[in-house]
Every structure is written in structure tokens, then in C-alpha cells.
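Trainee:
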Amino acid sequence: MGPIGLQHYLVLGAILFVLGVIGIVSRKNAVGILISIELMLNAANINLIAFSRYSNKPIFPTTMPEAAYMDGQVFAIFVIILAACEAAVALAIILNLFNMFGTIEVDDADTMRG
Amino acid sequence: MNASTVIFWIIAVLAVGSAIVATYAKNIVNAAFGLFFTLLAIAGVYVFLDADFLAITQVVVYVGGILVLLLFGILLTNKNIDFVTVDGSRSYLVGTLLGAALLVMVLSILQLATWNNVPTAPPPGGTTAPIGYMLLKNYLLAFEFSSVTLLAALIGAAYLVRGRDKD
Amino acid sequence: MIDWKIAILVPILPALGFFIMLFFGGRMPRKGDWFATGIMGATLALSLSIFVHLFKQNSAYATILESTPWFNAAPGRPFLAGILVDNLSALMIVMISTISFLVHLFSIGYMHGDVRYHRFFTVLQLFTAAMLALVLADNFLTLYVAWEIMGLCSYLLIGHYFDKQSAANASLKAFMTTRIGDVLMFVGILIIFTQTGSFRFENVFSAVAAGTFTGNWQMWAGLLLFGGAMGKSAQFPLHIWLPDAMEGPTPVSALIHAATMVAAGVFLMARSYPMLTPEVFLVMAYVGGFTAIFAATIGIVMDDIKKVLAYSTISQLGYMMLGLGVGGFIFSGYTSGVYHLITHAFFKACLFLGSGSVIHAVHSQSMSQMGGLRRKLPITFATFIIATLALTGLPPFSGFFTKDSIIAGSIQLSGQNSAHILLPIFSVAAAALTSFYMFRLIILTFFGTPRDEAKYAHAHESPWTMALPLMILTALSIWPMGGHHDWFWFRNPVPLRSEVVSRYTPEGSILAVAHDKEQKAVFVETPQESHEHPEAASPRGLITAMKVVPIHEPEEEHAHHLAVIFSLCAFFLGLGGAYLTYSARKISAEAMARRFRPVYVLLLNKYYVDEFFQIAVIRPLMRLCGLAAWLDRWVVDGAVNATGRVTKVLSYIAGQFDRIIVDGAVNGVANSVAGVGRNLSRLQTGRVGNYLVFILAGVVFLGGFMFWMAVK
Chain A
39 MGPIGLQHYL VLGAILFVLG VIGIVSRKNA VGILISIELM LNAANINLIA
89 FSRYSNKPIF PTTMPEAAYM DGQVFAIFVI ILAACEAAVA LAIILNLFNM
139 FGTIEVDDAD TMRG
Chain B
185 MNASTVIFWI IAVLAVGSAI VATYAKNIVN AAFGLFFTLL AIAGVYVFLD
235 ADFLAITQVV VYVGGILVLL LFGILLTNKN IDFVTVDGSR SYLVGTLLGA
285 ALLVMVLSIL QLATWNNVPT APPPGGTTAP IGYMLLKNYL LAFEFSSVTL
335 LAALIGAAYL VRGRDKD
Chain C
10 MIDWKIAILV PILPALGFFI MLFFGGRMPR KGDWFATGIM GATLALSLSI
60 FVHLFKQNSA YATILESTPW FNAAPGRPFL AGILVDNLSA LMIVMISTIS
110 FLVHLFSIGY MHGDVRYHRF FTVLQLFTAA MLALVLADNF LTLYVAWEIM
160 GLCSYLLIGH YFDKQSAANA SLKAFMTTRI GDVLMFVGIL IIFTQTGSFR
210 FENVFSAVAA GTFTGNWQMW AGLLLFGGAM GKSAQFPLHI WLPDAMEGPT
260 PVSALIHAAT MVAAGVFLMA RSYPMLTPEV FLVMAYVGGF TAIFAATIGI
310 VMDDIKKVLA YSTISQLGYM MLGLGVGGFI FSGYTSGVYH LITHAFFKAC
360 LFLGSGSVIH AVHSQSMSQM GGLRRKLPIT FATFIIATLA LTGLPPFSGF
410 FTKDSIIAGS IQLSGQNSAH ILLPIFSVAA AALTSFYMFR LIILTFFGTP
460 RDEAKYAHAH ESPWTMALPL MILTALSIWP MGGHHDWFWF RNPVPLRSEV
510 VSRYTPEGSI LAVAHDKEQK AVFVETPQES HEHPEAASPR GLITAMKVVP
560 IHEPEEEHAH HLAVIFSLCA FFLGLGGAYL TYSARKISAE AMARRFRPVY
610 VLLLNKYYVD EFFQIAVIRP LMRLCGLAAW LDRWVVDGAV NATGRVTKVL
660 SYIAGQFDRI IVDGAVNGVA NSVAGVGRNL SRLQTGRVGN YLVFILAGVV
710 FLGGFMFWMA VK
């Protein structure tokens, strides 16, 4: 168990991401899928922030020296914003689904079956 | 093996463990609580990464906002009064196998690269000021777009759940 | 300072007008007639300004020459296309755009209410563009292109009333007949190109001057070009299309078949003058002279007012050719030929438009249904009679000077060589006949008592759009172009043909014409001895020094005196004959016709030239076609049918093969595909989870594959 490096964070992100993927694939409950999506987004965020922490080349020139390696964190903020949007819209969809089918099991909403 | 390393491992195990609960729990409410702990642990990881602003945001937005939203969703779509929503009986086997394969793939790709393991010095006055600077300077356009997106999402959500006209 | 390269706009303006008319004309107010007329007005203004610009330079060499590479005829030999505006073409563009403008104006009244009104103006625009492009061409190829476009327009306009069988036939006849000439001309152009390596006039003429383009090739090229000119300018025996072309609307007859297109042949000869040989000149002179008298004799028996004018046009075109032909030996010939083209264009257009006005009034072309119309159509009558005086050659009207000059040239030539005595006889006799048939026409149309009371009562003067062009053209017929002699030579638009003149004048000494300081034209003698007038040197570097000799040689003066006497005699002879026969009725036309019945019948049938063509050309051709058709039916068709039968058998076998083996395979494939599809469609569960599983499996597979590739 050496010192904590970038790799540890990446592995943690990968594990969380894969758990999210497993949840999306396996769950039937729409809220459960939403939970899994949040997991994946957070895994991505861990990666972004870790990269930002360990980067040593500024992406864009900036007049503020402290802000030189902040790009990853800014991306993470955008991800959070979009996650919020997505959660709101997804919830609305789930409520609609419930109104239409009386359930939120996605497998029951198989109108598009071939 | 210093204290911070120990704390990292504790946080990491907490994050992964509660994520497993979030993924595999039969009761969807339990899954939501698993997610709750995962998000808290991730906020801790952010602290480890000297991303104080992000850690706070994580707690406020995710734990305080999105998770509550999820719980609302569960409650609103639940016919059972006993507050137990059991997920359907789909086999986790296929998903787990595929996920494991994906994990193996990602990890082996990770092994291939040499990573820079020397962190850069964190901004002395915290990250809030630089992030604000970046948002309103280099990423202004994206910032504006995301605000518009947020607005659109809100309007869209309100439209989707509006009361149906009598038809 | 204006860049005079804008001369290129002269043909481009009507061409643009054509395209705009073609696509949008039908939607314009009044179907775009005023738009087309306005375009012509602009073209006329531009032409006039170019003419004035060249005119002010006071030089026979004033030229705008602008060429640009068009395509590579051969590696490293770009084909240059461009415009050449010299005195000749400057005069031509003014004449063309003036008449085209006036004809447009006239047509607004004349064609009013026509079914194909819009089409008429559109084609007129295209025609004018082509004609202007022809006179501005600086090489034989673009000239030929414009020449053919004009042929097309002529075809379209003669056949304007194509629902009338005779008009459709006439347009076809015009097209086919001129085509004979066109083919000859094209062969001539090809000879020129192969011999000189260039289409450009400049290069061709310098090749002639340098002596690299000589001999039989040069002669045949000239003769073949003249063949083209014979077709277009309706010279005997290819004149037969022009009288039939009168089936077209009268403004078209005025513009195309009197003033411009038929003059294109004359223009072609004038343009290619420096490369013609004495043989060609003689052929031109004799064909022209014969055509002049030949057509004039037919003109005296025609009843259709437009046919009379058509034969008159043929006759006058013959005069022009005669003038140009004589010009190979007598210096005045070229100028008189070209000037006769210009003056004839104006007064003949006036006559045609006048006849259009008459036809418009009485709705008939037959003179036997007219008479006494001078009271009903005073403006038409006045303009008609002045144009007639110009045509018949009464001083001071324009036709007198040019016709007199042509006659003088022929007299002078016969004076030099009495073997050519026929030429002055032809020209003087044709002048008398011209006078006769024109006054016959006037007397029958405008004088006497109306022969058709109903039509007479209905007749009325034309609207101003028709009367105004008549008056303008009349004014241009009065204008004595080339009146005074010095002035006449001064405006000589002829680029000097020094080498030709020096080679073929009998003295062998006269080299060229240049202008001295008093701006009088002079003959210039052999260069080597004297250096008295170096400043009179030609800018083309053909003449280095020269001795000035006065232009009025006694011989020429004498010829001109004779010509004036003869042509005036001819005029009064014709006038008197017409008066006695048709007005005073001292001579009975019927009695004459009975007495000289064979001649009369011969004339009435136009010397049976059409019948000759029918027997000598068309019938053998039809026989040949019949033979070809027979061959086609029995030999070719037989072979084809046999092939067809064999093919049928083969295709039956192929069909069976197709049905059993190919179709079987196709159906098998289709069935198996359908089966696979049916099975695969089970995958389409409509369940998001399943889809996600597939996506994930795909990601893992592809990612693993790429990883494997990367590691390997």
C-alpha cells in the first residue's frame, strides 16, 4: 500500500462506473436506473477532478495563475449541472410513465417491441 | 502508511461498498440510501483531491437535491403503502459478467499508461475563486449554455408532469 | 476615358436580352416587347458611340481589336477569340442595330395580338445578337458560329406561322438551301485553318501577304467562302429560298431577309477580301451580275408585293457581289459594294416595312387586290415612294450613289478588258428592270382605282410605332451617303489591300490608298524609289514610302460620267415603261404577256429553277432515299429481324435458366434472409434493458478487440 496516486482515483472511478453500468443493464425499475446513472456520472467526475489535480500542463492560457489547472473541476461542475437537469427531466418522464402504465418497470413499457 | 492514506482507503471502501448496495439492493429505497452514502464518500474523495468547492457542491446538489428528488420519485410512483419497492426479478448475472469484462478491460488499459503521480500544488486560497474565474472567463459560453439548458430542462419537466387537460 | 473594349457589349446586350426574354419574357408586362425594344435602343446607342469614336480618328485603320484565348487548338497554340471593330464593322453594327431597333418598334404594332408574340421578340433578340457577333468576329470560327445561329433564327422566324403548311415548308427550304452554302463555307474555313494554322483574320491575311497561303488552296478557300455567301446572300442558283422566306412576318423580312442576314454573305466576302484571288473576284462579279438581272426579270411579273421586293433584294444583293467582285480590279469596287449594302439595308427595310404597313391595312399581299391606297395610307405612300426612288437610283437619294458607283466600276473594268463587257450590260439592264418593277409595284398598289373595294374601305393608316420607323428609315434613305467624292473616299471603311491592288492593277504600279494631310484619299505608287510621304505609311507596315498620285484618273472620271448617264437613262426607261403599261395603259401588259407567252410563262415560273432543283437534286435524292429505305427494309431490317428471332430463342433459354436457377437462388436467399430476420426480430423486445445489454456487450467486444490490437 504505497502512497495514493492518480491511479488509485482512476481505479475507484472505474469500479464505480462499472457498478453503474451493471445497475443500468440489470435494473428494471426506472428509479433504479436513474440511481445507476448518477453513479456513473459521479465516477466520471472523480476522474475529471483527479486529472485536474494531477495535470501539469494548462489547457488554456489564463491570467490567473491559480486557475491554470481548474479545467477538470469546471467540467465536473458542468456535469453536476447536467445531472441536475437530467434528474429533473428523468423524474418527469418517470411520473409520466407511471401515469401511462401504472408502473415504473421499464420492461412493462414495451410498446416498441419488434 | 500515514493517516491520510488510511482515510482514503476507508473512504474508497465505503464508496464502493455503498455503490454495490445501490446497484444490487432489491429494495429501491435501500438502493437510494446506498447512493446517498456513495455520494457522501465521493464528496470525501473530492476533499482528498483538494477540490473543496466541488465537495460542498456534491453534498448540496447531489445529496440535498438530486437524492431528495429520487426519493420523491420513489414515493410518488409507489402504490405500496409499506414503503417497500422491490425491483423486478431480473437476473443480475448477465450484467455482472459484462460489467466485470468491462472492468477488466478498463483496468488493463489503465495499466498500459504511465500516470503522472505528482499532484500539482492546490491553489492557496481554495478553489472557489479560480473556478469562478474560469467559469466567467474561459468557459463563459458553456456556462451560459448550461444555464439555458437548466432552464429548458425545468420548463420541459414542468411541461411533462403538467396536469392533463380533460380529454 | 472610356475603354472601347466595351464594344464586346454590343452583341452581349441583345444576347442577355434573349435569355431574359426566354425565361421571363412571358411574365413581363406586354410580354416584354418594350423590354426587347429598349435593349435594342441601348445597343444602338452603344454602337453609335463606338462608330463616332472610330469616325473621329479619321483613319482607315482605326481599329479596336481585343482577343482572349478561348481554348487550345493544339498544344501551345491557343485559339484566340475576340472582337474586331474596324471601319467596316463599325458601320455594320450601326446599320444592324438601327434597323433592328426600328423593326422591333414596328413589330410592336404589326405583330399586335399575335399568338406567338413573345416568341417572336425573343428570336429577334437572338438574331440581332448573332448578327452583331458576326460582324464583330475577329476570326472565321466565331463568325461561322454566329452565321449558323442566324440561320437557325431565320428558320424559326420564317416558320413563325408554322401551323401554316407553306410557312413550315418555306422555313425548311430556307434552312436546307443555305445549309448547302454553309457546308461549302465550312470546308473553306477548314482549308484556311489547315493552310495557315489560324482562324483569325489577322493571321490569315498576313499569311496571304507573306505568301505562305497561295495558289489553289487560296483560290478554293475563297471560292468555298463565296459558296457560303451565295447561300446566305441568295445568289443564283441558291436564291430559291429567299422568295419563299416571305412567308415569315413582314418585319422579319425587313430585318433578316432584306437588311441584315442576307447581307452577311456580302459582309463575309468584304471581310475576307484580302485573301481572295482574281478568279474568285471574277466569279463573284459574274454570279453577282447575273443574279442582279436574273432576279430583276422575275420581279416584273410577280403579283405578291413581298415577292417583288424579295426578288428585288436578290437583285440588289447581286449588285453588291458585282461591286465587290469588280473591286478586285477596280479600286472603287469594294467601297461601292459595301456602301450599297448599307444604303440598300436602309431603303429596303423601309420598303419592306412599308409593304408590311400596306399588308396590315388591307390584309392581303396580292397587288391585284390593292390600288389607290395613297389616299388611305399617306405616310406609308410618301415613305414608300422615297425609298423606291432610292432603290431605283434617282439622285440625290442614297441608292443612286452606290449603284452608280457599282455600274461605273463595271464600266471601268470592261474598259480595261473588253472581255468583261457583259458586266456593265447586266448592271445597267438590271437597273432599268429595277426601275420598271418598282414603279409597277407603286402604280398597282398606290395609284389607280381600288381593285378590291371591301379591302380598300377597310384600309387604315398604321399606328405611330409603325409609322415612325418608316419615317426614320426614309430619312436615312435620303441621306446621300457617299455623296461627294472626296468625302466618299475619306469615309472609306476599307482596310487597305495593298498587296492585292498592286498585284492585279493593270499598270502594276498602284500599291495602296492612304490619306494625305488634307485627308483626301490618294493612290500611292511603288514604294522603292521615292520617300516623299513617309507619314502616310500604313500602320500595318506594308508600305514604307510612297509617291502621291491624285485619285481622279481620267479613266475613272469617264466611267463615272458614263455610269450616271446610263443609270439615269435606265431609271427613266423603267419609270416610263411602268407608267405607259400600268398607269396610262398605252401598252397592254396582257397583250405583251400573250405575245411573249413563252417568256412570260418562263418568268412566272421563275425560270423553273425550283423545278430544276426538284428534278436534278430533290428527285434523285428522293430516289436514293427510296433505295436506302428499300435496303433498310429488306436487308437491314431482315438482318435485324433474323437477329431478333435468334435473340428470342436465346432469351427463352435464358428465361428458363433464369426462372429455375437464378430465381431459385434469389428466392432461396430471400427466404433465408426472411427467416433470419424473423428470428432476429425476437431480439427487438422493446425492452430498454435488453438493448442496454447488447450495447454493453458491443462496447466490451469492440473495446476488447481494440485493446488486443493495441497490445499486439
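Protein chains in written order, with this note's numbering: chain A, 39 to 152; chain B, 185 to 351; chain C, 10 to 721.
All C-beta atoms in this analysis are idealised placements derived from N, C-alpha and C, irrespective of residue type, glycine included.
Any contact of the stretch 247 to 257 of chain B with the stretch 93 to 109 of chain A, i.e. 3+ C-beta pairs under 8 Å?
Mentor: Contact between the stretch 247 to 257 of chain B and the stretch 93 to 109 of chain A is absent, because fewer than three Cβ pairs lie under 8 Å.
Trainee: Please tell me whether C:Val697 has its Cβ less than 9 Å away from any Cβ of chain B.
Mentor: Start at 1 with the first residue of the third sequence, and residue 697 of chain C comes out as number 688. Output row for C:Val697: interface = no.
Trainee: Would you say C:Gln244 and C:Ile323 are within 9 Å of each other, going by their C-beta atoms?
Mentor: One-based indexing of the third sequence puts residue 244 of chain C at position 235. One-based indexing of the third sequence puts residue 323 of chain C at position 314. Yes, they are a contact pair.
Trainee: Measure from the alpha carbon of C:Gly236 to the alpha carbon of each residue in C:Phe222, C:Val213, C:Arg188 and C:Ile265, then state which is nearest.
Mentor: By one-based count along the third sequence, residue 236 of chain C stands at place 227. Among C:Phe222, C:Val213, C:Arg188 and C:Ile265, the Cα nearest to that of C:Gly236 is on C:Arg188.
Trainee: What ranges does the alpha helix (DSSP H) occupy inside the stretch 606 to 653 of chain C, keeping only unbroken runs of at least 4 residues that lie completely in it?
Mentor: Counting only runs of 4 or more, we get 606 to 613, 618 to 622 and 628 to 639.
Trainee: Please classify B:Val290 as buried or exposed, where buried requires at least 16 other C-beta atoms within 10 Å of its C-beta.
Mentor: To locate residue 290 of chain B, count along the second sequence from 1; it is residue 106. That one is buried.
Trainee: Would C:Gly635 and C:Leu431 be called neighbours here (beta carbons separated by less than 9 Å)?
Mentor: Walking along the third sequence from the start, residue 635 of chain C turns up at place 626. Walking along the third sequence from the start, residue 431 of chain C turns up at place 422. Their beta carbons are not under 9 Å apart, which means C:Gly635 does not touch C:Leu431 by this criterion.
Trainee: Please report the straight-line C-alpha distance between C:Pro23 and C:Ala593, rounded to a whole angstrom.
Mentor: Here residue 23 of chain C corresponds to residue number 14 of the third sequence, with the count starting at 1. Here residue 593 of chain C corresponds to residue number 584 of the third sequence, with the count starting at 1. Near 49 Å, if we compare the C-alpha coordinates of C:Ala593 and C:Pro23.
Trainee: Mind checking the stretch 311 to 322 of chain B against chain A and listing, in chain order, the residues whose C-beta falls within less than 8 Å of any C-beta there?
Mentor: Residues Thr311, Ala313, Pro314, Ile315, Tyr317, Met318, Leu319, Lys321 and Asn322.
Trainee: Just to confirm, are C:Leu264 and C:Ala358 a CB contact at a threshold of 9 Å?
Mentor: The residue given as residue 264 of chain C occupies position 255 in the third sequence. The residue given as residue 358 of chain C occupies position 349 in the third sequence. A contact, by the Cβ cut-off of 9 Å.
Trainee: Under 8 Å between beta-carbons, which chain C residues line up against B:Leu282? List them in chain order, please.
Mentor: Numbered from its first residue, the second sequence carries residue 282 of chain B at position 98. Under the 8 Å cutoff, chain C gives Val702, Leu705, Ala706 and Val709.
Trainee: Can you tell me whether DSSP reads B:Ser292 as helix, strand or coil?
Mentor: In the second sequence, residue 292 of chain B corresponds to position 108, counting from 1. It is helical.
Trainee: I think C:Leu233 touches C:Val271, with their Cβ atoms under 8 Å apart; what is that distance to the nearest whole Å?
Mentor: On the third sequence, residue 233 of chain C is found 224 positions in, with the first residue counted as 1. On the third sequence, residue 271 of chain C is found 262 positions in, with the first residue counted as 1. C:Leu233 to C:Val271, Cβ: 19 Å. No contact.
Trainee: Leaving out the 5 sequence neighbours to the left and right, which residues in its chain are closer than 7 Å to A:Gln45 when beta-carbon positions are compared?
Mentor: What you label residue 45 of chain A is simply residue 7 of the first sequence in a count that begins at 1. Excluding sequence neighbours, A:Gln45 sits near nothing in its chain.
Trainee: Could you name the residues of chain C that B:Leu157 contacts, counting a contact when the two beta carbons are closer than 9 Å?
Mentor: Lying outside 185 to 351, the shown extent of chain B, residue 157 of chain B is not represented and no answer is given.
Trainee: Buried or exposed: where does C:His369 fall if 16 or more other Cβ atoms within 10 Å of its Cβ makes it buried?
Mentor: As a working note, residue 369 of chain C is residue 360 in the third sequence. Burial call: buried.
Trainee: Between B:Gly279, B:Thr261, B:Leu344 and B:Ala313, which lies nearest to C:Phe703 when the distance is taken from Cα to Cα?
Mentor: Residue mapping note: residue 703 of chain C aligns to position 694 of the third sequence, counting from 1. Considering only alpha carbons, the answer is B:Gly279.
Trainee: Since A:Lys95 is in the alpha helix (DSSP H), which residue starts that stretch and which ends it?
Mentor: As a working note, residue 95 of chain A is residue 57 in the first sequence. Element bounds for A:Lys95: n/a, residue is neither H nor E.
Trainee: Might you give, ordered along the chain, the residues of its own chain that have their beta carbon closer than 6 Å to the beta carbon of A:Asn83, omitting 5 neighbours on each side?
Mentor: Residue mapping note: residue 83 of chain A aligns to position 45 of the first sequence, counting from 1. For A:Asn83, where only same-chain residues beyond five positions count, the Cβ hits under 6 Å are Ala114 and Val117.
Trainee: Please go through the same chain and pick out, in chain order, the residues whose beta-carbon is closer than 8 Å to the beta-carbon of A:Ile132, but skip the five residues on each side of it.
Mentor: Looking up residue 132 of chain A in the first sequence gives position 94. For A:Ile132, where only same-chain residues beyond five positions count, the Cβ hits under 8 Å are Ala68, Val69, Leu72 and Ile142.
Trainee: At 9 Å on the CB atoms, spell out the chain C contacts of B:Leu233, in chain order.
Mentor: The residue labelled residue 233 of chain B in the question sits at position 49 within the second sequence. Result: empty, since nearest Cβ-Cβ is about 27 Å, beyond 9 Å.
Trainee: Within a Cβ cutoff of 8 Å, which residues of the same chain sit near C:Leu247, ignoring the five residues on either side of it in sequence?
Mentor: As a first step, residue 247 of chain C is located in the third sequence; it is residue number 238 there, counting from the start. Around C:Leu247: Thr186, Thr187, Ile189, Gly190, Met239 and Gly240.
Trainee: May I have the straight-line CA-CA distance separating A:Ile53 from A:Ile87, to the nearest angstrom?
Mentor: For this step, residue 53 of chain A is matched to residue 15 along the first sequence. For this step, residue 87 of chain A is matched to residue 49 along the first sequence. When rounded, the distance between both Cα atoms is 16 Å.
Trainee: So is B:Ala245 in contact with chain A if we call contact Cβ pairs under 9 Å?
Mentor: Looking up residue 245 of chain B in the second sequence gives position 61. Sequence inspection shows Val at residue 245 of chain B; the Ala mentioned does not correspond to that position. Yes, its Cβ sits closer than 9 Å to a Cβ of chain A.
Trainee: Could you tell me whether the Cβ of B:Ala285 comes closer than 9 Å to any Cβ of chain C?
Mentor: Counting from 1 along the second sequence, the entry for residue 285 of chain B is found at position 101. Yes, B:Ala285 lies at the interface with chain C (some Cβ there is under 9 Å from its Cβ).
Trainee: Just how far apart, CA to CA, sit C:Thr397 and C:Lys412?
Mentor: Taking the first residue of the third sequence as 1, we reach residue 397 of chain C at position 388. Taking the first residue of the third sequence as 1, we reach residue 412 of chain C at position 403. Their Cα atoms are separated by approximately 13 Å.
Trainee: Quick one: residues in its chain with C-beta nearer than 7 Å to the C-beta of C:Ile481, no 5 flanking neighbours on either side, listed in chain order?
Mentor: On the third sequence, residue 481 of chain C is found 472 positions in, with the first residue counted as 1. Only Leu111 meet the Cβ criterion.
Trainee: Examine chain B for any beta-carbon lying closer than 9 Å to the beta-carbon of C:Lys721, and answer yes or no.
Mentor: By 1-based counting over the third sequence, the position of residue 721 of chain C is 712. No, because no Cβ of chain B sits closer than 9 Å to the Cβ of C:Lys721.
Trainee: So which residues of chain A does B:Phe192 contact, with C-beta pairs closer than 8 Å?
Mentor: On the second sequence, residue 192 of chain B is found 8 positions in, with the first residue counted as 1. Correct list: Ile42 and His46.
Trainee: Here's the rule I'm using: 16 or more other beta-carbon atoms within 10 Å means buried, otherwise exposed. How should C:Tyr661 be labelled?
Mentor: Looking up residue 661 of chain C in the third sequence gives position 652. Burial call: exposed.
Trainee: Note the first and the last residue of the continuous alpha helix (DSSP H) segment covering C:His353.
Mentor: Position 344 of the third sequence, counted from the first residue, corresponds to residue 353 of chain C. Counting along the chain, the alpha helix (DSSP H) containing C:His353 begins and ends at Ser341 to Val371.
Trainee: Just to confirm before moving on: does the CB-CB distance between C:Val103 and C:Leu57 stay below 9 Å?
Mentor: Start at 1 with the first residue of the third sequence, and residue 103 of chain C comes out as number 94. Start at 1 with the first residue of the third sequence, and residue 57 of chain C comes out as number 48. Closer than 9 Å, so yes.
Trainee: Any contact between the stretch 44 to 56 of chain C and the stretch 167 to 180 of chain C? By contact I mean 3 or more CB pairs, one from each, below 8 Å.
Mentor: The stretch 44 to 56 of chain C vs the stretch 167 to 180 of chain C: no contact.
Trainee: What distance in whole Å lies between the Cβ atoms of C:Leu453 and C:Tyr591, which are believed to be in contact at a cut-off of 8 Å?
Mentor: To locate residue 591 of chain C, count along the third sequence from 1; it is residue 582. To locate residue 453 of chain C, count along the third sequence from 1; it is residue 444. About 6 Å; that satisfies the 8 Å criterion.
Trainee: Can you say whether C:His113 is buried or exposed, counting buried as having 16 or more other CB atoms within 10 angstroms of its CB?
Mentor: Indexing the third sequence from 1 puts residue 113 of chain C at position 104. It is buried - the Cβ of C:His113 has at least 16 other Cβ atoms within 10 Å.
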